[in-house]
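Step one of this worksheet: look at the structure below.
Chains as they are written, first to last, in this note's numbering: chain A, 273 to 698; chain B, 847 to 1103; chain C, 51 to 239.
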């Protein structure tokens, strides 16, 4: 449907643009008056925080790339030159280096929010799937970025992770050599990792755009997990949530800054201050903290192919989560059995993280296997069964009237067999 | 306790736990000595006199085996040496010059822009001189070792007699703080090995302390600026958090929630 | 942060608190956000300025003793060729005695050398026409009619003071900033 847009913008220049390309109207609609549930808690800050962190990573990355040399002979020294000789180079690099960790913290909390409040459930399945794709893209980007400083951990991390693909039957070796562009992690590998590390963030930006588009079609979930029923349930995004996001942003940036300025190497590994040496593996190879749970799953399986399959499976299972969870209630607040189990899942992941940081000996092997088992049990067995076994608490009537329906008998669980208020169509 | 309060309490704990995970496994060796360092803590600065003495120790002792390829003489301004002192130190070194008209290598006196002169031409040559175990480059050595300053100090002061029955093979030395207790480097520091211009007594502990301070600086030359800037940035952000929170309270004051 | 600035001027009005005090608070908050964004921008911008290793090479010291009378050397300074020439008495006299009216860009020789060091002329060796490097440092090079330098690209000629005497170059050869550290050593830059 062609035709000029009728713009309400007062400013003549903006109006002229808006008439021909209604970006300002769109911004107003999507981030100005956009109706947003009024009962968000601060967990709903983390999407915006992730977006800001992505922007910080891209901007600092562009300036780092101006001084970085993707060559095995020069990469390590070029990073140190950034730290020592480039004006504010240390600041830009430490922000970028720790920004990766901050990004994962924010995204992991964001994912937890989704799990706890059932944000992955109908009608937000696609929104969730795009989110899982974002997580994968982030992981790939972070992994390749960690290789670039060409320290010992960079090199051996790259070697170990790329070797995972050798577990694939028949074509494994060919795939690994294709990834390397040689017969080991070497200069061609570093070159392509740099190229892809520069490309991937823009893929992530594209996915974030789709993530937001999907979000603005379905509208946001909320802590009660019930649908918006009337305009009384919502507030315009601006100024209510712009200012609320700003509060969270300031706190987040303060924590981020404290790490960057006071303990920039806290999350790093001392071994990465040693230039890569293909002939000597460091005594303890540990991935960055945000990969530790997955690394632990990998090591919990004594079979090479099995371990790799489980590790990728731990992400893959998230893609189908909307259909594994059969409950019709979103928010864990109204799911008496699911609620503690989310925390058990979090505990399992934290344990897996600790397992990943230790050598696979003694108690750590047992803990790793138990936690891995629970992780998969949670998604593949418990969630499908809970939908049938669990009796949800009665749901409130609406967001603006968050009291229990009177006929529900005041606070207690519904009588057996009576389903809680199902997901109403908005 | 409502779900959200519970979450609010659990979340920081979970985050702290995951941060702590990054701290790698504690080494099962001797506990490292805990020196008091001028540079530790958020407000830590740098004891310039110690760093300058440390440079003297590096220059007169360490540099006969260890390179420092990321440092330039000009960088020494960071530990408070004057332009003239830097020029004189650089000029006292003979560094490779440009090829002459016949294509032969030449030498020239160093300039402040030159990299610290390395004791060996390259790591192969260094390795050959030490039976394959090339002394590591010291530019970022302190950051490259778990335990950092305390570890470096521990190694430098940790040469003691091996316990009875501990067999020390030829070419290796016993060190209390070295993982596995065997180290290729013979004890590098001995009392009165250098003569400090400021009259400080050059004990092993003193020299170890000074050279560790110097090595902290070579590993983290930006640290003093970084921390000072950090205090301002964090204060600013905390202030902004307070301001935005107040504005948020005002804007939300008419919303029932 | 931009969101914050927008929030500060947002049209929504709460029911409590004096309007003046509230608007002032929002103004402060918005200004803080603007300052914050500015403070973030500066390190990024400054990172593109010449870095310390580049600045360390921004001045070069040159020993004048090996330069024979009547010839010159080329040293590289900030990526550019610098001519340092040891002028003979005759060359100095020619440079000093020339009539200003004969020059394309009139400038006395005394302004182009350091007082007391008239035997040394230091020039940026880039022709002011289109950027070629003129010939004439070695006595055996073509030096043009005025005994200075000759640009092989389009035939510009310079005298022993580096002043253009024959086009197409419009200007004299530039003099780099330099100073005598001692009688036999100069520091360029």
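Yeah, the Cβ is synthetic: ideal placement off N, Cα and C, and Gly gets one too.
Remember, predicted model here, so these are calculated numbers, not experimental data.
Taking C-beta pairs closer than 7 Å, name the residues in chain A that residue 97 of chain C reaches, listed in chain order.
-> 335, 358, 359, 360, 361 and 364, listed in chain order.
Local conformation of residue 1095 of chain B per DSSP, three classes = In the structure shown, the three-state DSSP call for residue 1095 of chain B is helix.
Cutoff 8 Å: residue 512 of chain A Cβ touching any chain B Cβ = Yes - at least one Cβ of chain B is within 8 Å of the one on residue 512 of chain A.
Using the C-alpha atoms, what's the distance from residue 1066 of chain B back to residue 99 of chain C?
-> Rounded to the nearest whole angstrom, the C-alpha separation of residue 99 of chain C and residue 1066 of chain B is 22 Å.
For residue 203 of chain C, which of C/76, C/176, C/128 and C/125 has the nearest alpha-carbon?
-> The candidate whose alpha carbon is nearest that of residue 203 of chain C is C/176.
Quick one: list the residues of chain A neighbouring residue 1076 of chain B, beta-carbon separation under 9 Å, in chain order.
-> Neighbours of residue 1076 of chain B on chain A, chain order: 529, 530, 532, 533 and 534.
Please classify residue 1007 of chain B: does DSSP put it in a helix, a strand, or coil?
-> Coil, per DSSP.
C-beta neighbour in chain A for residue 69 of chain C, strict 8 Å | No, its Cβ sits nowhere closer than 8 Å to a Cβ of chain A.
Would you please verify whether the beta carbon of residue 72 of chain C is less than 8 Å from any beta carbon of chain B?
-> Yes, contact with chain B.
What's the gap between the Cα of residue 227 of chain C and the Cα of residue 174 of chain C?
-> Counting only the Cα atoms, residue 174 of chain C lies some 10 Å from residue 227 of chain C.
For residue 516 of chain A, return the contacting residues in chain B, with the cut-off set at a CB-CB distance below 7 Å.
-> The answer, in chain order, is 1094.
Compare the C-alpha of residue 1078 of chain B against each of C/86, C/74 and C/70 and name the closest.
-> Nearest to residue 1078 of chain B by C-alpha distance, out of C/86, C/74 and C/70, is C/86.
Can you tell me which of the three DSSP states residue 1043 of chain B falls into?
-> In the three-state reduction of the DSSP assignment, residue 1043 of chain B falls in the coil class, being assigned neither a helical nor a strand state.
Exposed or buried, which one is residue 984 of chain B when buried takes at least 16 other CB atoms within 10 Å?
-> By the 10 Å Cβ count, residue 984 of chain B comes out buried.
Taking the alpha carbon of residue 1029 of chain B as the point to measure from, which residue in B/902, B/1008, B/1080 and B/921 has its own alpha carbon closest?
-> Of B/902, B/1008, B/1080 and B/921, the residue nearest in Cα terms is B/1008.
Contacts of residue 103 of chain C in chain A (Cβ-Cβ under 7 Å) = The answer, in chain order, is 353 and 357.
What does DSSP give as the partner residues of residue 132 of chain C in its beta bridges?
-> Its beta-bridge partners are C/125 and C/174.
Three-state class that DSSP yields for residue 606 of chain A in the structure shown = DSSP, read as helix, strand or coil, puts residue 606 of chain A in helix.
Using a Cβ cut-off of 7 Å, which residues of the region 80 to 95 of chain C contact any Cβ in chain A, in chain order?
-> Of all residues in the region 80 to 95 of chain C, 93 and 94 have a Cβ within less than 7 Å of some Cβ in chain A.
Can you check DSSP and say which residues form a bridge with residue 247 of chain A?
-> Outside the displayed range of chain A (273 to 698) lies residue 247 of chain A, so it cannot be described from this structure.
Around the Cβ of residue 455 of chain A, are there at least 16 other Cβ atoms within 10 angstroms (buried) or fewer (exposed)?
-> Only exposed fits residue 455 of chain A, as fewer than 16 other CB atoms lie within 10 angstroms of its CB.
Beta strand (DSSP E) containing residue 507 of chain A: first to last residue?
-> Judged by DSSP secondary structure, residue 507 of chain A falls within the beta strand (DSSP E) whose first and last residues are 506 to 508.
Residue 568 of chain A by DSSP, collapsed to three states: which one?
-> Note: residue 568 of chain A maps to helix in three-state DSSP.
Is residue 965 of chain B close to chain A, meaning its C-beta is less than 8 Å from at least one C-beta of that chain?
-> Closer than 8 Å: no.
In chain C, which residues lie less than 7 Å from residue 959 of chain B when you measure between Cβ atoms?
-> Under the 7 Å cutoff, chain C gives 106 and 107.
Interface residues of chain C facing residue 338 of chain A [CB-CB closer than 8 Å] = Residues of chain C passing the Cβ test: 97 and 98.
Excluding sequence positions up to five away, which residues of its chain have a Cβ less than 8 Å from the Cβ of residue 144 of chain C?
-> Contacts found: 196, 197, 209 and 210.
Going by alpha carbons, who is nearest to residue 1095 of chain B out of A/388, A/511 and A/485?
-> For the residues A/388, A/511 and A/485, the minimum Cα distance to residue 1095 of chain B belongs to A/511.
Establish whether the CB of residue 545 of chain A and some CB of chain B are separated by less than 8 Å.
-> Yes, residue 545 of chain A lies at the interface with chain B (some Cβ there is under 8 Å from its Cβ).
According to the neighbour-count rule (16 or more other Cβ atoms, all chains shown, within 10 Å of its Cβ), is residue 292 of chain A buried or exposed?
-> Answer is exposed; the Cβ neighbour count stays below 16.
Would residue 542 of chain A pass as a contact of residue 990 of chain B if the rule is Cβ separation under 8 Å?
-> Yes, Cβ-Cβ distance for residue 542 of chain A and residue 990 of chain B is below 8 Å.
Label residue 1026 of chain B either buried or exposed according to how many other C-beta atoms from any shown protein chain fall within 10 Å of its C-beta, with 16 as the threshold for buried.
-> Looking at its Cβ environment, which holds fewer than 16 other Cβ atoms inside 10 Å, residue 1026 of chain B is exposed.
DSSP three-state assignment for residue 240 of chain C, whether helix, strand or coil | A question about residue 240 of chain C goes unanswered here, because the residues of chain C that appear run from 51 up to 239.
Using only alpha-carbon positions, find the residue among A/312, A/339, A/370 and A/345 that is nearest to residue 537 of chain A.
-> When each option's Cα is compared against that of residue 537 of chain A, the closest is A/370.
How about residue 372 of chain A and residue 403 of chain A: do their beta carbons lie closer than 8 Å?
-> Using a Cβ distance threshold of 8 Å, residue 372 of chain A and residue 403 of chain A do not count as a contacting pair.
How would you call residue 431 of chain A, buried or exposed, if buried means at least 16 neighbouring beta carbons within 10 angstroms?
-> Buried.
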